[in-house]
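Scroll down for the structure; my scribbles are underneath it.
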Amino acid sequence: MSRLLFDSSSLIKALKQGRVDLLARNYIHWLTIYEVLNAIWKETRLLKTIPEDKVIAFAEILKQVTDLMKILDPKGLEEDMLRTAIQRGITTYDASYIVLAMKHGLILVTEDSKLRAKARGVVETTSLDELSASLGSIRE
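Under this note's numbering, the very last position in the sequence shown is 560; numbers go up by exactly one each time.
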């Protein structure tokens with residue numbers, strides 16, 4: 421299944437679960453890398469849930485995994501992002517995921533239930549758990 425756009429919440433969850441199989445050959449927004457690194461920094465520095473000696477290894481894994489993914493650039497879609505943000509009552513950051521998914525015919529994978537609700541009717545959305553469950557039923 422190579423038509424998925426992962427946001428940072430789903431990318432982090434997939435990495436923590438070791439689900440590289442779901443990520444490879446799929447898509448991320450170019451800002452997702454920074455968003456993931458910021459979340460890992462927060463877990464290490466502020467929440468203290470990831471030991472400092474493990475965080476660099478996590479960054480290396482992120483680099484290896486994102487090398488297997490296609491990175492999308494929203495350049496040229498500024499008007500669509502702003503229009504979507506205003507119409508949907510969301511940030512332009514969230515709107516950029518919806519617009520990229522729409523432009524490239526991708527399913528948006530996010531753990532953000534509010535974003536999934538706002539994207540309803542514009543693009544197909546799913547969560548990592550829903551995706552894993554649907555793939556499990558396909559394999560059976």
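Every residue, glycine too, gets a C-beta built ideally from N, C-alpha and C.
What does the alpha-carbon distance come out to for the pair residue i and residue j?
{"i": "Ala-553", "j": "Lys-468", "result": "31 Å"}
{"i": "Gln-437", "j": "Gln-507", "result": "35 Å"}
{"i": "Leu-443", "j": "Arg-465", "result": "26 Å"}
{"i": "Arg-540", "j": "Ala-459", "result": "26 Å"}
{"i": "Phe-426", "j": "Val-456", "result": "11 Å"}
{"i": "Tyr-513", "j": "Ala-521", "result": "13 Å"}
{"i": "Leu-551", "j": "Lys-433", "result": "12 Å"}
Helix, strand or coil for residue i per DSSP?
{"i": "Thr-545", "result": "strand"}
{"i": "Lys-433", "result": "helix"}
{"i": "Ala-474", "result": "Ala is not the amino acid found at residue 474; the sequence shown has Lys there. Note: Lys-474 maps to helix in three-state DSSP."}
{"i": "Leu-425", "result": "strand"}
Rounded to the nearest angstrom, how far is the Cβ of residue i from that of residue j, given a contact under 8 Å?
{"i": "Val-529", "j": "Leu-548", "result": "6 Å"}
{"i": "Arg-423", "j": "Ile-510", "result": "No, Arg-423 and Ile-510 are not in contact; Cβ-Cβ is about 23 Å, not under 8 Å."}
{"i": "Asn-446", "j": "Met-489", "result": "6 Å"}
Enumerate in chain order the residues of its own chain whose CB-to-CB distance from residue i is below 6 Å, with the five nearest sequence positions on each side excluded.
{"i": "Lys-538", "result": "Arg-508, Ile-510"}
Below 8 Å CB to CB, which residues in the same chain sit around residue i once its five sequence neighbours on both sides are set aside?
{"i": "Ala-479", "result": "Leu-457, Ile-460"}
List in chain order: all unbroken alpha helix (DSSP H) runs of 4+ residues lying wholly within the stretch 448-516.
-> The DSSP assignment places complete alpha helix (DSSP H) segments of no fewer than 4 residues inside the stretch 448-516 at 452-461, 472-487, 498-508, in order along the chain.
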